[in-house]
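Inspection log for the structure reproduced underneath, given as structure tokens.
Number of protein chains: 6
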Amino acid sequence: MTPDLLTFGEAMVSMRSAGPLATGTPLSMHLAGAESNVAIGVARLGHRAAWVGRVSTDEFGEYVLRQLRAEGVGVDGVSRDAERQTGLMFLEQRSADLTRVQYYRAGSAGSALRVDDLRAPLAAGARMLHLTGITPALSDTAREVTCWAAETADAAGIPICLDVNYRARLWSREAAREVLTPLAAHASTIIASADELDLVGDPGADEPAVAAELLRRGVETVLVKLGADGARAYTVDGVEEVGVVSVTAVDTVGAGDAFTAGYLSGWFDGLDLTGRLRRAATLGAFAVSTRGDCEGLPRRAELALLDGHEAGSVLR
Amino acid sequence: MTPDLLTFGEAMVSMRSAGPLATGTPLSMHLAGAESNVAIGVARLGHRAAWVGRVSTDEFGEYVLRQLRAEGVGVDGVSRDAERQTGLMFLEQRSADLTRVQYYRAGSAGSALRVDDLRAPLAAGARMLHLTGITPALSDTAREVTCWAAETADAAGIPICLDVNYRARLWSREAAREVLTPLAAHASTIIASADELDLVGDPGADEPAVAAELLRRGVETVLVKLGADGARAYTVDGVEEVGVVSVTAVDTVGAGDAFTAGYLSGWFDGLDLTGRLRRAATLGAFAVSTRGDCEGLPRRAELALLDGHEAGSVLR
Amino acid sequence: MTPDLLTFGEAMVSMRSAGPLATGTPLSMHLAGAESNVAIGVARLGHRAAWVGRVSTDEFGEYVLRQLRAEGVGVDGVSRDAERQTGLMFLEQRSADLTRVQYYRAGSAGSALRVDDLRAPLAAGARMLHLTGITPALSDTAREVTCWAAETADAAGIPICLDVNYRARLWSREAAREVLTPLAAHASTIIASADELDLVGDPGADEPAVAAELLRRGVETVLVKLGADGARAYTVDGVEEVGVVSVTAVDTVGAGDAFTAGYLSGWFDGLDLTGRLRRAATLGAFAVSTRGDCEGLPRRAELALLDGHEAGSVLR
Amino acid sequence: MTPDLLTFGEAMVSMRSAGPLATGTPLSMHLAGAESNVAIGVARLGHRAAWVGRVSTDEFGEYVLRQLRAEGVGVDGVSRDAERQTGLMFLEQRSADLTRVQYYRAGSAGSALRVDDLRAPLAAGARMLHLTGITPALSDTAREVTCWAAETADAAGIPICLDVNYRARLWSREAAREVLTPLAAHASTIIASADELDLVGDPGADEPAVAAELLRRGVETVLVKLGADGARAYTVDGVEEVGVVSVTAVDTVGAGDAFTAGYLSGWFDGLDLTGRLRRAATLGAFAVSTRGDCEGLPRRAELALLDGHEAGSVLR
Amino acid sequence: MTPDLLTFGEAMVSMRSAGPLATGTPLSMHLAGAESNVAIGVARLGHRAAWVGRVSTDEFGEYVLRQLRAEGVGVDGVSRDAERQTGLMFLEQRSADLTRVQYYRAGSAGSALRVDDLRAPLAAGARMLHLTGITPALSDTAREVTCWAAETADAAGIPICLDVNYRARLWSREAAREVLTPLAAHASTIIASADELDLVGDPGADEPAVAAELLRRGVETVLVKLGADGARAYTVDGVEEVGVVSVTAVDTVGAGDAFTAGYLSGWFDGLDLTGRLRRAATLGAFAVSTRGDCEGLPRRAELALLDGHEAGSVLR
Amino acid sequence: MTPDLLTFGEAMVSMRSAGPLATGTPLSMHLAGAESNVAIGVARLGHRAAWVGRVSTDEFGEYVLRQLRAEGVGVDGVSRDAERQTGLMFLEQRSADLTRVQYYRAGSAGSALRVDDLRAPLAAGARMLHLTGITPALSDTAREVTCWAAETADAAGIPICLDVNYRARLWSREAAREVLTPLAAHASTIIASADELDLVGDPGADEPAVAAELLRRGVETVLVKLGADGARAYTVDGVEEVGVVSVTAVDTVGAGDAFTAGYLSGWFDGLDLTGRLRRAATLGAFAVSTRGDCEGLPRRAELALLDGHEAGSVLR
């Protein structure tokens, strides 16, 4: 059955510390990866989501697959890689306010993704293809996959959502801009934080100008994430803003992916822009008020649990 | 002050699981590394031990240094490496009887050890230099360090202890033999398990023949570790055996390093062969009856705690 | 020795999660039950409190009894039930702001309470009988017990405190009103949240009108709990308010029971209304600033620990 | 795609204690259910397994579904039940040698299974249908499903495996015998412990006589589980025995289900009886040497991990 | 109501480590104290047990009282001490086979017990008074209490049970002998391990001779605990032995107290010597197969749980 | 090599609870002690710090030494004490807002510090000697050490920093004043909270007057800690204030010591007063936003992690 969402990228094992790593601390295992987070967020809400990637045959690869299957994300298109290890990510709770990340992902199975891995899944179609700016930064082949996928989907009439997701550890802003700006031209939806707009538009232009230019190039919706101030959406109809849903924030990791998943879920449900933004804000609120990358994302019946929480107030 | 023991190699962070990795499990951090285990074992018994290695400047490197310092191991000769990460080791408790190991150590800081790192520490001297067959398997530079150290110490009259410690994941038996056999000629003490003797002697010869040949080549003592059957020592005076000290074994990781540390401690104390073997067996018993790579090793006042346990009975 | 407080109801085992149940989470065992919470709160302050209920002979029943005895609550009147299981309650920490409750209490030992179980304890007397609106919702026999107890105590001159405690999962507002309104006529003290007043008074009337009517019918004190705004007390002398004691709220479960226990403790100590309300607010503050249903309640010497905290500020 | 194995029954949440329940103890969540254990064991080895049952829409039901999906067990035929709760099982570690079980499963979603739930999955076919004697003991409708499935599969030429699995808490031996003896006539494989043979054969006959009678009635293989003594298989070709694989037993819960899964996996792989029994013994060994109902079951690549362990020795 | 058992002594908080203290380890709180262990063992079996001691008013003292009340042990005779702290005991799990104890009990509240504390409880009578050789070693006043209690009970016709329980850290064998030998003359039951008999009898005599002399002096039963070999009872009717009940031993702390509690319970039930010894062995088996000082002791309905375990085999 | 900082005092093991002690709670081990906290804070920033004290030879003493060595604090001057135990401190998390401390430190090894213990370390010199008002309160000999050290260092031209650190449990304000006021005359830096100024100056004078008088007596800098309001520094050049760095406070234990360590680190680095105060505020922020006495203190490379946090805002 054709999935609603098709996405691809690298899924890692995230090891979260309970305190500073230097003094020794227990670690807990979690699934990490921007694209798999979005797939899970969408799947929990009852949409069909498929994720494609290379997963090692080691025990951490088994862990990754178990988690994706548990969430009901389609993994039929996953390739197993017996020669590379699973990428790891250590998320250190240095203090109440400081988290630090360290990666062991160079040469990982996930970074070895290649065009052949995605051919069949993309040929099977989807209502939306979701890309992030992380995948093209992983390796040459991963960059090829991303560009090939954008072009192929665009040609096939599959709408594309691009989340810029700049990772300074993986590549420079210049290298990112060179890849992401052309990619953006294929997208119908672009999601970026305010300081990422220069990677998909004129670095010298301000936010409204970049958005306007993207709309002119055919993008339908430009979403600018504003952290505690919510988000702003640019379309040909103008600008719309949404605040955050007021909850107690305990973990901001994965909040952006939750926002994206909520937005896409609204799109699959045929909601108007206001409805899509509200769902995006609701999923973001679930994400930040639960520890873990995607553990807190709601099932459909749970969406109403935050109804009483006033939208628009500052997220603390 | 000149240390009693000087050793060098790679120290890693060992992450121990409480169950199968594939289903997700808590992990705890420990220090790992054959040479650092020996240094700790010797230091806990009150001898001066110095360890040399390259340690990353990341948080895991800080953890490694903290642990070594805590144990009173000299780390003045440690080099910090800001460009490479700390090697990791995952020790999975797959079932009550099965443990599995997975490494993330390729290109680690520890494997980048080079001759310059060891010059000053070795020039400062020591009563004994301890080498293992792991270090030369890590990288070209690490192999150079090992060979250079053996030759230099030998020329300077510093006795050398070599623990063969073959690691099949790091190199082939042939590659190991090519390096270790010449190394053995520099050693005064050689420690090996029964199935490692072919790496330091004629692969076609049996245990007594290999031992005899090593003694002929100038080695003073050849120690063959026999697991649950204890150990056998060959010297020019003949063969002597020691059984294991009877304890409840809960974790055999690090038992060989404990045995070595006990033997060397006896040597530093000037004990005769029987006394050295007994202390080796006692340290092995402490190691196997405590979880962790080196956490269970005794301080000097604790040696007597196992006095009541009959030596020579089968270790279960 | 005649107890100060006599109360009866169902005590359950509360299993609290550390996170979302759907992804699997550790659970910890706690004692739960509005009436037992009040008994514990009163007993910790040094008053004699007796609790009556049916407790299963299974291991969870043993747990319930152990906890009540540990707190010094009199359990001589407890009946053991070998044919029914202990009621369970799962308290899920869905996110930092959301807790959800699921019960396994249908047909429990506690719900099988009958008049015969209470005869002897009530005949022994008490300075105050405490009822809640939960017990009559459990079963036909439990409703009979509650009504019988109110009538019998009233006839015997034992003052009655009724905490409305409406539970929507157990019965409808209509069913509750039919039972609770007549019960209220026997009470000298009535405790309710603002949205529960319609269950003991004219649904069309506002708060002051309901309170006035209850006072006319013989109730001495009507306490309206206002959450973060504190509480309001109506007596023939007028209206008095108390704010909350400012603490860091981490768990609001049991806060109402703590408030009641504090009020009753003040009554047992002969405090005036102001003093009773202040102690009620203090116990509420202890309850919300500790995890658990009743673990945080203070012993008498601990009452002063919150003295520095300004009363009257908003409880967050 | 037609599954290799089709099975149905009740899946519960098993809450395992770390110590005696009466003194309070942490609990951990696990998936429980004889049929789902078998489905997981078969799926981990790479066969297609489908499980059918009624699963509550509450959070525990979500947990059950997540676990089954994570293991790759087909759940397309699962019915969701919004009116009943998930059955719970408490597995108390009373002492090192004593475990006790307490159920909260009366009226559970799982026990409400009915023929309509199984129609489509069974019509889709399978290489083997697996039944246990637990399901018909759950409720009238569950008994109907079991009998209907046996008759329907038999008529359709789908081989049936029946694991007697007598549960004294659910029904009497007489009631069980009345249902299970006719069921046995439909089975090609019958699995029972020695003291369960009277439920599928003449209570006055000894083991060989019961087995002979079952073979006469058309059963192809009768497997008698002997605990620490292994198992005995009766076929028309005679009797064959298998010992246990020697491992450290830490948890015997689920060992019988593991044995069944191993046997069926061998059958799917076309192994001869000896091969099927060996795989059964191997899976049993994995199960008893890991804590949990099914957590320890091996994937195909892991089967060889116990190769060094001598088969036939007594399991301790 | 007169208790079956009256006992007195020091109750401490035992902090148990999960590993070596020197490297830092989590600690868990438990109740410790030989006499309170016996009181709990007897109370769990349904007898009335009262414990007398001085308990600090600090939080650890509250913990002690909570635990005793939870177990249903009578604490009406307990004196609170606001000027001294609760005695602490650290139980270090140094390795799988080695536990070490460190005390912080000098000058504790418990050691300040004085005759006045025991007057009323002893005047109220009991069916049996239980003493241990620990209490007189705590302080001068504690020794006075013990001697006074023995004399007073003897004069009042209350049978006395004395468990020698020699503690080398508290006093010398000579000091102990001087106090315990006269005490023994008041006892009707004496319990000792084989190496403690010299403290209540002629140091030069062998076990049968010491037992014979004690019987001559009026002792009715002399119980000699033999560890893994069970126990031997001397009476005027001869010698009777009991083996241990075969279980998996995980913690021998408190095993002797469990043995005593089982013996006394049998005595309260009017069992013959064989029955008393069997119950003693059963309680010992429960104690050693559960972690904790007294957590594993059985309630009456649980006694049968070990029925299948063969008595008389060696305890491992 | 001469250390930058020399300090001395008592180091204890702090056992931190996860909840109220009275109901039983897990405990975790930490190192505690105002002077060792300062030494660790300074050592983490790369300065050479030496700590002197008496440390028991028991396991807790080993723990103390391991922690100090792990942090790179010089412990060559430590004396081991085989006759006294390590002082313990229980830090109870009574509620979210309330922590309580209970000590077992009377007669501890640490309190037995004597002049001879400090002679050699002080003779070796240091750039700064740090004293606290806790040490002279521990015992007669500890008071002698403190006074002797102040006089000796002063005479030798070693600048002295005195943190008043009044502990009401150890001595009265009068006793403290009698010792601390003369001590203050030797100090070049005095650190006190606002309510401790009367212990080093005229009790009737206000803060500016006390500071002025201290400056007149030769003190160079008087630092007044103001909690959530930051700190104020008095020098001959006037008054300078610093706010707190805005972080989420989760544990204020050790915050004062962190402030001192930051100030001294700035002094060792030759920073001006503003720079010293900023570093002091930064270290305080690290301390309060991490659980533990000193676990959260930064290494030099981590100082910048809080750069984004606005200094001067109120610490919550």
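Protein chains in written order, with the working numbering: chain S, 18 to 333; chain X, 18 to 333; chain Z, 18 to 333; chain G, 18 to 333; chain R, 18 to 333; chain P, 18 to 333.
Where a beta carbon is used, it is the ideal one built from N, C-alpha and C, also for glycine.
Mind checking which residues open and close the beta strand (DSSP E) that includes I177 of chain P? I177 to D180
On the criterion of 16 or more Cβ atoms from any shown chain inside 10 Å, does P225 of chain Z qualify as buried, or is it exposed? Exposed: under 16 other Cβ atoms inside 10 Å.
For R83 of chain G, return the contacting residues in chain S, with the cut-off set at a CB-CB distance below 8 Å. A87 and E88
Could you check the C-alpha separation between L108 of chain G and E168 of chain S for me, to the nearest Å? 55 Å
Of all the options Z:R317, Z:S96, Z:A245 and Z:V217, which has the alpha carbon lying nearest to the alpha carbon of L232 of chain Z? That would be Z:V217, whose Cα lies nearest to the Cα of L232 of chain Z.
Would L216 of chain G pass as an interface residue toward chain R - the criterion being a Cβ-Cβ separation below 8 Å? no
Please list the residues of the segment 301-320 of chain Z that have a C-beta atom closer than 7 Å to any C-beta atom in chain G, keeping them in chain order. none
Would you call V331 of chain Z buried or exposed, if buried means 16 or more other Cβ atoms sit within 10 Å of its Cβ? Below a pLDDT of 50, predicted positions are generally treated as unreliable, and V331 of chain Z, at 28, falls in that range; the measurement from the model is reported next regardless. Exposed, by the Cβ-count rule.
Around the C-beta of D310 of chain S, are 16 or more other C-beta atoms found within 10 angstroms, so that it is buried, or is it exposed? buried
Endpoints, alpha helix (DSSP H) assigned at T299 of chain G: L290 to V305
With DSSP run on the structure shown, which of helix, strand or coil describes D98 of chain S? strand
Please list the partners that T40 of chain S has in chain P, where partner means a Cβ-to-Cβ separation under 9 Å. A87, G309 and E312
CB contact flag (L240 of chain G, A248 of chain G, <8 Å): yes
Decide if D223 of chain Z is buried, meaning its Cβ has at least 16 other Cβ atoms within 10 Å, or exposed. exposed
For a quick check, are the C-beta atoms of V59 of chain X and D21 of chain X less than 8 Å apart? yes
Segment limits, alpha helix (DSSP H) that includes T163 of chain Z: D157 to A173
Sub-8 Å separation of V72 of chain P and V81 of chain P beta-carbons: For the pair V72 of chain P and V81 of chain P, the CB atoms are nearer than the 8 Å cut-off.
Quick one, which residues of the segment 69-82 of chain Z are near chain G if we go by CB-CB under 7 Å, in chain order? D75, E76, F77, E79 and Y80
Do T103 of chain X and F25 of chain X have their C-beta atoms closer together than 8 Å? no
DSSP three-state assignment for E109 of chain S, whether helix, strand or coil: strand
Against chain S, which members of the segment 250-270 of chain P pass a CB distance test of less than 8 Å? V264, T265, A266 and V267
Classify G301 of chain X: buried if its beta carbon has 16 or more other beta carbons within 10 angstroms, exposed otherwise. buried
Determine, using beta carbons only, whether L115 of chain G comes closer than 8 Å to chain X. no
S282 of chain Z in three-state terms, based on DSSP: helix
V267 of chain S and S306 of chain S - do their beta-carbons sit closer together than 8 Å? The answer is yes: Cβ separation under 8 Å.
Identify which residue in P:V262, P:R190 and P:G36 has its Cα closest to the Cα of R308 of chain Z. P:G36
Close-in-space but distant-in-sequence residues of the same chain around L320 of chain R (CB under 8 Å, 5 per side omitted): Here the set comprises L62, R296 and T299.
Using a Cβ cut-off of 9 Å, pull out every chain Z residue sitting near G36 of chain P, in sequence order please. T307, R308, G309, E312 and G313
Strand pairing of R73 of chain Z, partner residues [DSSP]: The residue asked about is misnamed: residue 73 of chain Z is Ser in this sequence, not Arg. S73 of chain Z pairs with Z:D98.
Cβ separation of V261 of chain P and A245 of chain P, assumed to be a contact under 8 Å, to the nearest whole Å: 6 Å
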